[in-house]
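The next block holds one structure in the form of structure tokens; read it before the comments.
2 protein chains.
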Amino acid sequence: MHPFEVTILGCSSATPTSSRNPTAQILNHCERYFLIDCGEATQIQLRKFKFKMQRIDHIFISHLHGDHYLGLPGLLSTMHLLGREKELHIYSPPGLQEIINVGHYHSKTFLKYKTVFHVLEEGSRGIIFEDEKLTVETIPMNHRIPCCGFLFREKKYLRNIIKEKIEEYSIPVQEIPHIKEGKDLITSSGKTISNTELTTDPPEPRSYAYCSDTIYNESYIDQIMNVDLIYHESTFTSEMIDRAKETYHCTAKEAGMIAQKSNVKKMIIGHFSARYRDLSPLLSEAKECFSNTVLAEEGETYAV
Amino acid sequence: MHPFEVTILGCSSATPTSSRNPTAQILNHCERYFLIDCGEATQIQLRKFKFKMQRIDHIFISHLHGDHYLGLPGLLSTMHLLGREKELHIYSPPGLQEIINVGHYHSKTFLKYKTVFHVLEEGSRGIIFEDEKLTVETIPMNHRIPCCGFLFREKKYLRNIIKEKIEEYSIPVQEIPHIKEGKDLITSSGKTISNTELTTDPPEPRSYAYCSDTIYNESYIDQIMNVDLIYHESTFTSEMIDRAKETYHCTAKEAGMIAQKSNVKKMIIGHFSARYRDLSPLLSEAKECFSNTVLAEEGETYAV
């Protein structure tokens, strides 16, 4: 199986604590690296956990609260100073380009590489990135300002051709792609060999959903139904439900309810309020609704 | 003596390294805290070294290169979230307020406290802060964009009155401030008692000069003449003199020349290029010109 895994770089909400950084995570799919949110000190975290920042070509920013993007100007500058020439794609709600440009104007900075800003429309579900292996869709969140999550889905794998069958039926090279796509073989003598005899089932495509920040709402459950791994914000315990509502955040219990209703396989909870030094109450609460829950831990890598 | 000391929070130049953060330092004068520059992750460094960020009422930003201010938006936000109500004064070249405002506009942030932006004119020397104990002056630097250093000077101390003399001459309470200022005493019988009999010399006022970033130039030597402690940028070794000139920075040797020519008592060098893992070549080079030089070290506190 190709690698498909996410590493948490920061899992604190609004303010960093002595042990937790603001939100950022890096997704590795087949050695392509996607950065999701970029809180202050993300470049320092990337360095600490030994990720090569120049391998990142796509950055997804969920929304423009500082704890989700304030590390971006420094990261862009460091990429520039280290000699980057490759294009960089940045996806976010409206405004980020203006923020970056104002800083560059005053510092007289002209990046050596091209940045392409993709503006995400509020409330829309849509594919914002696609290549031969993966799609990325926005998941509309309900927060105080325009905000969206991101759903990374592998495309269907081709079927695995059984090597011995290539020899047995002298399959011509040009037929192999068609067989991998599921077609039967017609031999030179006109006989039809069923695809099921020639191939084995490919692995199931995997999916990862990043859901932060949002007040509890069930609008995206159908979209993330059955995903393999979900990261869900879980800012407060249920005691703080009023504060959660007021600030458009979720409790751990609510995150558990989302995971349970959307029938995901596994959930990481994160975006913890700085008030919690001990995170076990958040974990227990989420687990009451959805047992396969783990706490986000900085530097930790989770397979999708 | 009142405390007067500076703690280094970050001493890297343009990019952070695995062991050094972008520029920031905190000056404690009589338990009043002044922040000088505020590179990315300054709020994290303040927390790490156990400084109470709400005690900072004045922030001085030398210039608008990201490594000197990108920690400011996050720090302002954290001060707000922790309930700050006190006014905060921010001194910088033009543009910083616009940068902060654009971020707040897109995050719909309305700080609970008042921020007062003081715009520093390029190339001017002037007192930008003054209270009963201290003045802060700008030191014009020569960098790629408008930039200034900061000179913190204690005001003259009052003379120390000798307690026994108060009783001996039955000095009235209302006369004491005058005597501390250096006046003689005229007793009720009309006799003049010389001030030198009543008082001892106060401590000498101390001074600290922050000089970063700048290309080598001697224009500010007269201004920092005889200061007790100077922090001077020292981005490169002399081998890299061309790069230093091109980027408007100093070598360690040049920092040493400035310290020597301005007859300062002690120098901290900092703002090290990320290329130096071992800083001892920078130290040796500066010491050749000015022996009382030390390397900036994060978390270390230096008495003025």
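Residue numbers (the numbering used here), protein chains in the order written: chain A, 1 to 304; chain B, 1001 to 1304. A virtual CB, placed ideally from N, CA and C, is assigned to each residue, including glycine.
Fill in: Terminal residues of the alpha helix (DSSP H) in which L72 of chain A lies
Here the alpha helix (DSSP H) through L72 of chain A covers 72-81.
Item to complete: Give the secondary structure of M267 of chain A by DSSP, where H, G and I count as helix, E and B as strand, and everything else as coil.
Response: Three-state result, M267 of chain A: strand.
Discussion item. Let me confirm a value: I162 of chain A is counted as buried when at least 16 other C-beta atoms fall within 10 Å, else exposed. Which label applies?
Written reply: That one is exposed.
Fill in: G126 of chain A to S262 of chain A span [Cα, whole Å]
CA-CA distance, G126 of chain A to S262 of chain A, rounds to 19 Å.
Worksheet item: In chain order, which alpha helix (DSSP H) runs of at least 4 residues are fully inside the stretch 1123-1182 of chain B?
Response: Segments of the alpha helix (DSSP H) lying fully in the stretch 1123-1182 of chain B: 1163-1168, 1176-1180.
Discussion item. To the nearest angstrom, how far is the alpha carbon of I186 of chain A from that of K133 of chain A?
Written reply: So the two alpha carbons sit approximately 29 Å from each other.
Worksheet item: Is the stretch 1268-1279 of chain B in contact with the stretch 1009-1017 of chain B, if contact means three or more CB pairs nearer than 8 Å?
Response: Result yes; three or more Cβ-Cβ pairs closer than 8 Å.
Worksheet item: Nearest chain B C-beta to G66 of chain A closer than 8 Å, yes or no?
Response: Closer than 8 Å to some Cβ of chain B, the Cβ of G66 of chain A qualifies, so yes.
Discussion item. So that I know if they touch, is there some Cβ in chain B lying closer than 8 Å to that of K112 of chain A?
Written reply: K112 of chain A has a beta carbon lying at 8 Å or more from every beta carbon in chain B.
Fill in: Buried versus exposed, by CB contacts within 10 Å (16 or more), A1252 of chain B
Taking a 10 Å sphere around the C-beta of A1252 of chain B, we find 16 or more other C-beta atoms and assign the residue as buried.
Worksheet entry | Backbone CA spacing between G1299 of chain B and H2 of chain A [nearest angstrom] | Distance between the alpha carbons of G1299 of chain B and H2 of chain A: 43 Å.
Worksheet entry | Terminal residues of the alpha helix (DSSP H) in which T293 of chain A lies | Premise fails: T293 of chain A lies in the beta strand (DSSP E), 293-295, not in any alpha helix (DSSP H).
Item to complete: State yes or no: is the beta carbon of L1134 of chain B nearer than 8 Å to at least one beta carbon in chain A?
Response: Chain A, which has no Cβ nearer than 8 Å to the Cβ of L1134 of chain B, makes this no.
Worksheet item: DSSP beta-bridge partners for R1032 of chain B?
Response: DSSP lists B:H1029 as the bridge partner or partners of R1032 of chain B.
Worksheet item: Taking DSSP as the reference, what is the three-state secondary structure of E239 of chain A?
Response: Helix, per DSSP.
Discussion item. Is there a C-beta anywhere in chain A that falls below 8 Å from the one on I1044 of chain B?
Written reply: Residue contact check for I1044 of chain B against chain A: a CB pair falls below 8 Å.
Worksheet item: Quick one: Cα of P94 of chain A to Cα of N142 of chain A, how far?
Response: Computed Cα separation, rounded: 16 Å.
Worksheet item: Assuming L306 of chain A and T42 of chain A make a contact with CB atoms under 8 Å, what is their CB distance in whole Å?
Response: This structure cannot settle anything about residue 306 of chain A, because the visible part of chain A is limited to 1 through 304.
Discussion item. I need the straight-line Cα distance from S1062 of chain B to G1103 of chain B, nearest angstrom please.
Written reply: Going from the Cα of S1062 of chain B to the Cα of G1103 of chain B covers about 20 Å.
Item to complete: Would you check if there are 3 or more beta carbon pairs closer than 8 Å linking the stretch 203-213 of chain A to the stretch 146-162 of chain A?
Response: Touching, yes, given that three or more Cβ pairs across the two stretches are closer than 8 Å.
Item to complete: In the DSSP assignment, find the unbroken beta strand (DSSP E) run with E87 of chain A in it and report its ends.
Response: From DSSP, E87 of chain A is part of no beta strand (DSSP E); its letter is neither H nor E.
Worksheet item: Would DSSP call Y1231 of chain B helix, strand or coil?
Response: The answer is strand: DSSP assigns Y1231 of chain B an E or B state.
Item to complete: Output yes if chain B places a C-beta closer than 8 Å to the C-beta of T15 of chain A; else output no.
Response: Yes, because at least one Cβ of chain B sits closer than 8 Å to the Cβ of T15 of chain A.
Worksheet item: Where do the N-terminal and C-terminal ends of the alpha helix (DSSP H) with Y1069 of chain B fall, by residue?
Response: Per DSSP, Y1069 of chain B is one residue of the alpha helix (DSSP H) stretching across 1066-1069.
Item to complete: Ignore the nearest five residues each way along the sequence and tell me which others in K183 of chain A's own chain have a CB closer than 7 Å to its CB.
Response: The answer, listed in chain order, is N195.
Worksheet entry | Where E137 of chain A falls, given that 16 or more other Cβ within 10 Å makes a residue buried | It is buried - the Cβ of E137 of chain A has at least 16 other Cβ atoms within 10 Å.
Worksheet item: Where do the ends of the alpha helix (DSSP H) carrying V102 of chain A lie?
Response: From DSSP, the alpha helix (DSSP H) with V102 of chain A extends over 96-107.
Worksheet entry | Partners in chain B for K86 of chain A, counting only beta-carbon separations shorter than 8 Å | Those do not exist, as K86 of chain A stays about 18 Å from chain B at its closest Cβ, beyond 8 Å.
Item to complete: Please name the residue or residues paired with G256 of chain A in a DSSP beta bridge.
Response: Residue pairing by DSSP leaves G256 of chain A without any beta bridge partner.
Worksheet item: By the 10 Å Cβ neighbour count, where 16 or more other Cβ atoms means buried, how is D278 of chain A classified, buried or exposed?
Response: Its Cβ having fewer than 16 others within 10 Å, D278 of chain A is exposed.
Item to complete: Within the same chain, show all residues whose beta-carbon is closer than 7 Å to that of Q1223 of chain B, passing over the 5 residues directly before and after it, in chain order.
Response: Contacts found: R1125, I1139, L1151.
Fill in: C309 of chain A - containing beta strand (DSSP E), residue span
Outside the modelled stretch of chain A, which goes from 1 to 304, sits residue 309 of chain A, for which no answer is possible.
Worksheet item: For chain A, is any of its Cβ atoms less than 8 Å away from the one on K1052 of chain B?
Response: At a cut-off of 8 Å between beta-carbon atoms, K1052 of chain B makes no contact with chain A.
Discussion item. Three or more C-beta pairs under 8 Å: does that hold for the stretch 32-41 of chain A against the stretch 57-72 of chain A?
Written reply: As far as the Cβ criterion goes, the stretch 32-41 of chain A touches the stretch 57-72 of chain A, which means the pair count is three or higher.
Item to complete: Kindly indicate if chain B contains any beta-carbon less than 8 Å away from that of I145 of chain A.
Response: Cβ-Cβ to chain B under 8 Å: yes for I145 of chain A.
Worksheet item: Using a Cβ-Cβ distance under 8 Å, would G1071 of chain B count as near chain A?
Response: Interface flag for G1071 of chain B against chain A is set, since a Cβ pair is found closer than 8 Å.
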